[in-house]
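The block underneath contains the structure these notes are about, expressed in structure tokens.
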Amino acid sequence: MNKFPQLSLSFALVLSVVITSSAQAKVKVSKPAAPTVAQVSSTSVSNGKVNITITLELPTNSSGAKITGSKITVGGKFCLLKNAKTSCTIKGFKNGAILKVRSQSKNIKGYGAQSIAVRYVAGSSTYRVPVVTRLPQSPIVLQIDPTPTPSEEVVLPADPTLINTAAISGLSVPKPGNVPDTSVTPGTGYTASVSWSPNPAAFVSNTSYTATITLTAATDYTLTGVAADFFTVAGSSSDTNPVNSGVVTAVFPGVVYAINDVGPLGGLIFIIPATTGNTAGKYYEAAAADLSPTKTWCNISTTVGTTGSAIGTGKANTDLIAAACTSGAGQDAVDYSVTLDSATYADWFLPSQDELNELCLAAKVTRPGTSTCGSGSLKSGFVVDEYYWSSTESSTTSFARYQHFSQGLKGNGDKTTANNVRVVRSFS
Numbered sequence: 070m071n072k073f074p075q076l077s078l079s080f081a082l083v084l085s086v087v088i089t090s091s092a093q094a095k096v097k098v099s100k101p102a103a104p105t106v107a108q109v110s111s112t113s114v115s116n117g118k119v120n121i122t123i124t125l126e127l128p129t130n131s132s133g134a135k136i137t138g139s140k141i142t143v144g145g146k147f148c149l150l151k152n153a154k155t156s157c158t159i160k161g162f163k164n165g166a167i168l169k170v171r172s173q174s175k176n177i178k179g180y181g182a183q184s185i186a187v188r189y190v191a192g193s194s195t196y197r198v199p200v201v202t203r204l205p206q207s208p209i210v211l212q213i214d215p216t217p218t219p220s221e222e223v224v225l226p227a228d229p230t231l232i233n234t235a236a237i238s239g240l241s242v243p244k245p246g247n248v249p250d251t252s253v254t255p256g257t258g259y260t261a262s263v264s265w266s267p268n269p270a271a272f273v274s275n276t277s278y279t280a281t282i283t284l285t286a287a288t289d290y291t292l293t294g295v296a297a298d299f300f301t302v303a304g305s306s307s308d309t310n311p312v313n314s315g316v317v318t319a320v321f322p323g324v325v326y327a328i329n330d331v332g333p334l335g336g337l338i339f340i341i342p343a344t345t346g347n348t349a350g351k352y353y354e355a356a357a358a359d360l361s362p363t364k365t366w367c368n369i370s371t372t373v374g375t376t377g378s379a380i381g382t383g384k385a386n387t388d389l390i391a392a393a394c395t396s397g398a399g400q401d402a403v404d405y406s407v408t409l410d411s412a413t414y415a416d417w418f419l420p421s422q423d424e425l426n427e428l429c430l431a432a433k434v435t436r437p438g439t440s441t442c443g444s445g446s447l448k449s450g451f452v453v454d455e456y457y458w459s460s461t462e463s464s465t466t467s468f469a470r471y472q473h474f475s476q477g478l479k480g481n482g483d484k485t486t487a488n489n490v491r492v493v494r495s496f497s
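Residue numbering for the sequence shown follows the numbering used here, starting at 70 and increasing by one per position.
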């Protein structure tokens with residue numbers, strides 16, 4: 070028989086309390102598991118910017134400790150939430166920007182693991198965490214925990230780099246006579262192709278052309294995030310592209326030349342469609358310099374055929390000279406060429422008498438007020454006090470027509486005499 074029953078009961082209670090307290094003391098509080106990014110949405114676009122609202126699901130496993138706050142990180146910006154708050158709005162994201170959204174929560178031990186990143190395009194439709202539904206009457210229910218533990222760190226590939234160089238290089242302005250480009254210089258993070266409307270074999274004057282330049286992003290680069298009308302093309306009157314797009318539309322106005330302008334191949338424009346006697350309505354450009362040295366007209370003294378003197382006959386005259394002569398001004402004219410932008414132009418000829426007179430007028434420092442090229446100072450590059458050959462034969466078979474540019478005088482010269490030669494070309 071126990072003489073001290075109440076003492077025994079008290080001792081048992083005390084012992085129970087000590088054991089329970091000791092067991093509780095062994096429970097270790099750790100940082101919380103990761104929350105889940107449950108929803109991401111954007112406001113409407115204003116000045117190319119949107120605000121983004123993010124909603125979390127707090128972690129269910131917090132090691133028995135109270136959640137004291139959360140942090141949401143989006144595209145280099147972040148917001149801090151207090152206690153059990155689960156939503157915040159971050160302002161000022163570029164519409165179309167590719168963003169990575171992550172979050173983490175904290176308790177008395179500090180911030181825990183980060184959530185799995187959600188990729189979201191600013192301005193796009195609302196993202197919601199995927200819902201996993203169970204098959205009806207399934208005897209097996211699998212618990213899916215989307216939150217990785219620290220040892221299950223999810224490593225995502227790096228975000229692609231946004232193409233951010235505006236200037237597109239390597240597209241030649243559509244000068245008359247030039248062949249359209251089909252590509253441009255590759256830029257940082259892209260290659261490009263070009264199509265034209267209209268698409269001629271060679272550009273002509275007085276015609277507007279539109280180039281559609283299609284950029285293709287290289288590996289690890291993206292066009293998503295590019296602003297509208299971001300890209301520029303030198304020489305165009307306008308260049309536009311949609312948002313998030315590398316399809317660039319560049320418009321080039323038609324080229325209209327005036328007398329004394331620099332032509333497409335660097336020479337002097339001396340006849341325009343409005344010039345009196347220009348029945349074909351073409352432009353005429355003289356080469357940038359004389360042929361060197363001076364040239365005889367032909368190596369024979371007989372006639373080469375029926376040559377003309379009017380504007381528009383110089384090319385046919387020169388073909389007759391080159392066919393009959395093995396050397397001289399006509400032969401050198403058809404052999405002359407200029408290469409520009411990888412295209413070679415071999416359409417030069419010796420000007421007819423009337424074409425040469427127009428060149429004489431344009432060669433003057435002060436252009437005469439009449440169609441007669443009288444005496445006057447010459448521009449740099451033309452030889453003073455010397456004659457220039459035309460492609461027109463005189464009535465006497467051993468002579469051809471020439472003109473003295475300083476004095477403006479026209480005359481007949483022996484075909485075997487060496488004179489100055491300035492070749493020309495015509496184009497539309």
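We treat Cβ as the ideally placed atom computed from N, Cα and C, and that holds for glycine.
On a predicted model such as this, the values are computed, not experimentally measured, just so you know.
Check: By the 10 Å Cβ neighbour count, where 16 or more other Cβ atoms means buried, how is Lys364 classified, buried or exposed?; Outcome: buried
Check: Let me check one thing: in DSSP terms, what residues is Trp417 bridge-paired to?; Outcome: Paired residues: none, contrary to the question.
Check: What would DSSP say about Glu126, mapped onto helix, strand or coil?; Outcome: strand
Check: Which of helix, strand or coil does DSSP assign to Val403?; Outcome: helix
Check: With a CB to CB cut of under 7 Å and the five nearest residues on each side skipped, what residues in its chain are close to Leu389?; Outcome: Val373, Gly374 and Thr376
Check: Pull up the distance between the alpha-carbon of Ala385 and that of Val324, whole angstroms please.; Outcome: 27 Å
Check: State the beta-bridge partners of Asp483 as determined by DSSP.; Outcome: Phe468
Check: For Asp423, which three-state DSSP category applies?; Outcome: helix
Check: Closest to Thr105 by CA distance: which of Ala182, Ala357, Ile159 and Ala134 is it?; Outcome: Ala182
Check: Less than 8 Å between the C-beta atoms of Ser459 and Gln400, yes or no?; Outcome: no
Check: Looking at the secondary structure, which residues open and close the beta strand (DSSP E) in which Thr142 lies?; Outcome: Gly138 to Val143
Check: Look up Gly383 in the DSSP assignment and say whether it is helix, strand or coil.; Outcome: helix
Check: What residue range is occupied by the uninterrupted beta strand (DSSP E) comprising Asn176?; Outcome: Ile167 to Asn176
Check: Which whole-angstrom value describes the C-beta separation of Thr279 and Val320, a residue pair presumed to lie in contact below a C-beta threshold of 8 Å?; Outcome: 5 Å
Check: Within 10 Å of its beta-carbon, does Ile177 have 16 or more other beta-carbons around it, so buried, or fewer, so exposed?; Outcome: exposed
Check: Tell me whether the stretch 242-257 and the stretch 340-347 touch, counting them as touching only if at least three CB pairs, one residue from each stretch, are closer than 8 Å.; Outcome: no
Check: Measuring CA to CA, which of Asp298, Ser184, Gly239 and Val493 is closest to Ser406?; Outcome: Val493
Check: Inspect the beta-carbon positions of Val434 and Ser444 and report whether they are closer than 8 Å.; Outcome: no
Check: Just confirm the distance between the C-beta atoms of Tyr456 and Gly438, as a whole number of angstroms; I'd bet it's less than 8 Å.; Outcome: 24 Å between Cβ atoms; not a contact.
Check: My assumption, with CB atoms under 8 Å, is that Lys97 sits in contact with Tyr180. Please give the rounded CB distance.; Outcome: Their Cβ separation, rounded to whole angstroms, is 17 Å, which puts Lys97 and Tyr180 out of contact at 8 Å.
Check: Does DSSP classify Leu292 as helix, strand or coil?; Outcome: coil
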